[in-house]
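Colleague:
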Amino acid sequence: MILWTSSLPAFVPFFLAAALVPFIGARARAVVMLLVPVAGALHLAGVESGTALKLSLLGFDATPYRVDDLSRLFGYLFHLAAFIGIVFSLHLRDKGQHVSALLYAGGALGAVFAGDLMTLFVFWEVLAISSVYLIWARGTERSRSAGMRYLVIQVFSGVLLLAGALLWYRQTGSLSFEYIGVESFAGALILLAFGIKCAFPLLHNWLTDAYPEATPTGTVFLSAFSTKVAVYALVRGFPGTEMLIYIGAVMACFPIFFAVIENDLRRVLTYSMINQIGYMVVGVGIGTELALNGTVSHVFTHVIYKALLLMSMGAVLHMTGRINGSDLGGLYKTMPWTTTFCIVGAASISAFPLFSGFISKSMVMSAALEGGHTIVWLMLLFAAAGVFHHAGIKIPFFAFYYKDCGLRPGEPPRNMLVGMGLAAFVCVFLGWFPSVLYAILPFDYEYHPYDATHVLAQLQLLFFSAAAFTWLKLSGIYPPELHSTNIDVEWTYRKLGPRLVEFIHRWVSAADQRLREIVLDQYRQVVYLLHRHYGPYGAMARTWPTGSMALWVAVLLAATLVLYYV
Amino acid sequence: MSDDQQTRDDKRHLFDDPKNVRFVVRALAVCCILLVLMDLVIHRHVINPLESLFGFYAFFGFIACVVLVLLAKEMRKLLMRSEDYYDPLDK
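Which chain is which? The protein sequence lines are A and B, in order. My numbering numbers the first residue of the first sequence as 1 and each following residue consecutively. My numbering numbers the first residue of the second sequence as 567 and each following residue consecutively.
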């Protein structure tokens with residue numbers, strides 16, 4: 001079959017399916033959508049590393065498809081994430097969301113297999129445009145405006161990437177996407193573009209703004225692709241960039257404070273997402289083989305357990321219509337499966353031994369320790385305790401236990417349960433058999449997470465964090481879940497910006513009005529004077545009688561006569 | 567919700583009984599004590615000198631969470647606004 005050639009780019013089947021899906025019935029649609037990621041992953045397994053598709057376009061050489069060990073790992077991951085997300089969203093009748101999800105997953109695959117910066121830019125923008133519908137499909141006023149902000153910021157990041165790529169081309173004469181570094185201005189621009197999509201501190205707010213406003217199923221797709229494409233791009237273009245160690249450490253720490261006081265449980269998870277990406281960015285910054293392996297394996301485990309957590313919260317939102325911690329509680333009574341899956345996700349993100357987070361996070365921690373970055377290591381340790389606190393305990397505790405909110409929803413539709421079950425299986429499987437993941441990591445580096453030192457240290461950290469939570473909760477010190485908005489960087493463009501514009505508008509319009517008044521006043525005075533002198537009764541417009549003229553002539557003559565004699 | 571479902575839902579669940587909650591809290595406490603004591607038994611390979619302090623990870627985890635929550639509580643005073651804080655502008 002011609003379609004099965006090894007140089008068939010991985011995004012093509014997804015885009016073809018997206019074109020087909022609107023025109024076929026529900027059953028055929030389910031079959032096509034489930035088949036695409038499975039066939040795509042099998043196809044990828046048969047493609048040798050080093051395969052590249054080269055084209056000559058408009059005078060420059062493009063490489064729209066390139067497979068190596070790094071991009072292959074992301075390729076497998078995105079196929080797996082797309083499959084789980086599709087299973088979770090099969091019950092939807094909104095074809096728009098299916099098309100959007102397929103295009104979005106295809107865009108992510110296109111981006112990680114892009115061999116040149118121009119292709120990367122194209123898929124960068126495809127990611128932005130295809131995914132925004134997953135936010136808008138919620139149909140609320142908030143989702144509409146959050147989606148618009150998301151789109152503007154994402155497209156802007158693409159524009160920065162394009163500008164950086166063009167400068168890079170002028171400097172080096174090549175567009176191929178390899179190591180870039182921050183030594184040049186072009187590199188700095190490209191890093192900024194990646195940083196926006198990666199949710200660097202101060203550039204992060206689009207994520208916590210938009211993702212929680214998306215549909216219950218849409219958030220699952222959103223969490224899997226955009227930011228991970230950005231991490232991939234960092235691993236490819238900026239490994240060993242020291243600045244990233246500190247950026248990552250800040251990313252790992254600051255969101256956990258927001259997560260503790262946030263009420264919307266899906267927004268709590270977006271804050272913890274930034275915290276987890278922080279570990280990945282630290283790994284890129286350290287840049288050793290252990291650190292980079294740690295980063296990409298953490299991407300792998302993170303995508304699955306974060307999707308699992310967001311699916312469990314999506315299921316709660318789908319069944320109850322509520323997502324605030326203050327309005328939920330006691331759901332374990334009627335949603336035992338969802339509760340169990342959520343706890344598996346919580347244990348994984350908290351890096352409990354035998355769950356997936358443990359086998360990846362510990363690599364980044366070890367890399368920080370071995371690199372002698374003591375402060376950064378302590379920050380990551382603090383963040384590890386914090387993430388257990390807010391994602392590991394807070395999410396399941398306030399949604400499924402704590403006080404009884406009185407709701408008795410049943411379990412979500414079967415496809416949602418199967419989607420969660422699949423993700424939970426992957427989390428546990430990778431926790432037990434880390435070598436399966438380690439075998440496909442881009443670098444050869446012997447690493448054993450399960451030794452007494454690691455396991456004991458991690459268990460002590462986690463159990464005493466749990467003890468702290470229990471003590472704070474029982475003693476009433478723990479802050480209650482409250483209906484509230486916590487202001488973050490977005491305040492600058494959602495409040496300060498509009499206020500500033502309003503202020504400038506008011507000031508300019510007041511000045512404008514005064515200026516007009518002054519000019520008008522002057523004008524009126526001129527008109528008045530003209531009127532007075534030249535108007536119908538003005539002195540200059542009077543008709544002079546002939547007699548007075550003769551009199552004046554006589555006066556003049558008399559005056560001349562007098563002057564003559566003088 | 568039918569009457570049948572209502573009666574079924576009114577049955578007592580696992581954590582409706584305070585005894586079970588107390589059991590969980592006590593089990594957690596016992597686990598914590600055992601884990602710290604294991605520091606005496608298991609020799610850990612340390613890279614950073616801080617790690618060799620007795621119960622370092624346990625102590626750090628506890629303090630980290632308490633500091634996190636206390637600071638976050640203070641942050642609320644500065645950052646918390648009403649739920650519809652941004653809404654009027656959105657409309």
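Yeah, the Cβ is synthetic: ideal placement off N, Cα and C, and Gly gets one too.
Looking at the structure shown, is residue 313 of chain A part of a helix, part of a strand, or coil, going by DSSP?
Modeller: helix
Colleague: Look up residue 251 of chain A in the DSSP assignment and say whether it is helix, strand or coil.
Modeller: Here DSSP, grouped into helix, strand and coil, assigns residue 251 of chain A to helix.
Colleague: Given that residue 275 of chain A touches chain B, what residues does it touch there, using C-beta distances under 7 Å?
Modeller: Correct list: empty, because the minimum Cβ distance to chain B is about 12 Å.
Colleague: Measure the alpha-carbon distance for residue 657 of chain B versus residue 107 of chain A and round it to whole angstroms.
Modeller: Caution applies to residue 657 of chain B, whose pLDDT of 43 falls short of 50 and renders its modelled position unreliable; the value that the coordinates give is listed next. Computed Cα separation, rounded: 32 Å.
Colleague: Do residue 250 of chain A and residue 295 of chain A have their beta-carbon atoms positioned less than 8 Å apart in this structure?
Modeller: Not a contact, by the Cβ cut-off of 8 Å.
Colleague: Run through the DSSP bridge pairs and tell me what residue 62 of chain A is partnered with.
Modeller: A:55
Colleague: So residue 527 of chain A is in the alpha helix (DSSP H); what residue range does that whole segment cover?
Modeller: 497-534
Colleague: Verify whether the separation of the beta carbon atoms of residue 235 of chain A and residue 166 of chain A is less than 8 Å.
Modeller: Contact flag unset, no.
Colleague: Using only alpha-carbon positions, find the residue among A:409, A:367 and A:381 that is nearest to residue 332 of chain A.
Modeller: The shortest C-alpha separation from residue 332 of chain A is found at A:409.
Colleague: Counting contacts by CB-CB distance shorter than 8 Å, is residue 460 of chain A in contact with chain B?
Modeller: yes
Colleague: Which runs of the alpha helix (DSSP H) fall wholly inside the region 433-494 of chain A and span at least 4 residues, in chain order?
Modeller: 434-438 and 452-474
Colleague: In whole angstroms, give me the CA-to-CA distance for residue 565 of chain A and residue 547 of chain A.
Modeller: Straight-line spacing of the CA atoms in residue 565 of chain A and residue 547 of chain A works out to 27 Å.
Colleague: Suppose the cutoff is 8 Å on Cβ atoms and the five residues either side in sequence are ignored; what does the same chain contact list for residue 50 of chain A look like?
Modeller: 67 and 68
Colleague: In three-state DSSP terms, what is residue 646 of chain B?
Modeller: strand
Colleague: What does residue 615 of chain A touch in chain B if you count any residue whose Cβ is under 7 Å from its own?
Modeller: With chain A represented from 1 up to 566, any question about residue 615 of chain A goes unanswered, as that position is not in the structure.
Colleague: What residues of chain B sit near residue 575 of chain A, judged by a beta carbon separation below 7 Å?
Modeller: An answer regarding residue 575 of chain A cannot be provided, because it is not within the stretch 1 to 566 covered by chain A.
Colleague: Classify residue 213 of chain A: buried if its beta carbon has 16 or more other beta carbons within 10 angstroms, exposed otherwise.
Modeller: buried
Colleague: Taking Cβ-Cβ distances below 7 Å as the criterion, which residues of the region 394-421 of chain A are in contact with chain B?
Modeller: 401 and 408
Colleague: Beta carbons nearer than 9 Å to chain B: which residues of the region 248-260 of chain A have them?
Modeller: 256, 257, 258, 259 and 260
Colleague: What's the gap between the Cα of residue 155 of chain A and the Cα of residue 509 of chain A?
Modeller: 32 Å
Colleague: Based on DSSP bridge pairs, tell me the residues matched to residue 176 of chain A.
Modeller: A:116
Colleague: Could you check how far apart the C-beta atoms of residue 346 of chain A and residue 594 of chain B are, in whole angstroms? I think they sit under 8 Å.
Modeller: Their Cβ separation, rounded to whole angstroms, is 15 Å, which puts residue 346 of chain A and residue 594 of chain B out of contact at 8 Å.
Colleague: For chain B, is any of its Cβ atoms less than 8 Å away from the one on residue 322 of chain A?
Modeller: no
Colleague: Could you run through the region 605-620 of chain B and flag, in chain order, every residue whose CB is less than 7 Å away from some CB of chain A?
Modeller: Taking 7 Å as the Cβ-Cβ cut-off against chain A, the residues of the region 605-620 of chain B that qualify are 608, 610, 611, 613 and 614.
Colleague: Roughly how far, in whole angstroms, is the beta-carbon of residue 53 of chain A from the beta-carbon of residue 64 of chain A, given that I think they are within contact range, below 8 Å?
Modeller: 6 Å
Colleague: State yes or no: is the beta carbon of residue 602 of chain B nearer than 8 Å to at least one beta carbon in chain A?
Modeller: yes
Colleague: Along the chain, where does the alpha helix (DSSP H) containing residue 561 of chain A start, and where does it finish?
Modeller: 546-565
Colleague: Given that a residue counts as buried once 16 or more other Cβ atoms are within 10 Å of its Cβ, and exposed if not, what is residue 171 of chain A?
Modeller: exposed
Colleague: Run through the DSSP bridge pairs and tell me what residue 324 of chain A is partnered with.
Modeller: A:264
Colleague: Can a CB atom of chain A be found closer than 8 Å to the CB of residue 642 of chain B?
Modeller: yes
Colleague: Quick one: is residue 585 of chain B near chain A, going by C-beta distance under 8 Å?
Modeller: Chain A, which has no Cβ nearer than 8 Å to the Cβ of residue 585 of chain B, makes this no.
Colleague: Starting from the N-terminal side, write out each stretch of the alpha helix (DSSP H) that is 4 residues or longer and does not extend beyond the region 177-227 of chain A.
Modeller: The region 177-227 of chain A contains these whole alpha helix (DSSP H) runs: 185-198, 205-210 and 218-224.
Colleague: Against chain B, does residue 17 of chain A count as a neighbour if the rule is that its beta carbon must be under 8 Å from one of theirs?
Modeller: no
Colleague: Where do the ends of the alpha helix (DSSP H) carrying residue 353 of chain A lie?
Modeller: Where residue 353 of chain A is concerned, there is no enclosing alpha helix (DSSP H), given that its DSSP letter is neither H nor E.
Colleague: Whole angstroms is fine: what's the gap from residue 312 of chain A's alpha carbon to residue 254 of chain A's?
Modeller: 25 Å
Colleague: Answer yes or no: does any C-beta atom of chain B fall closer than 8 Å to that of residue 370 of chain A?
Modeller: yes
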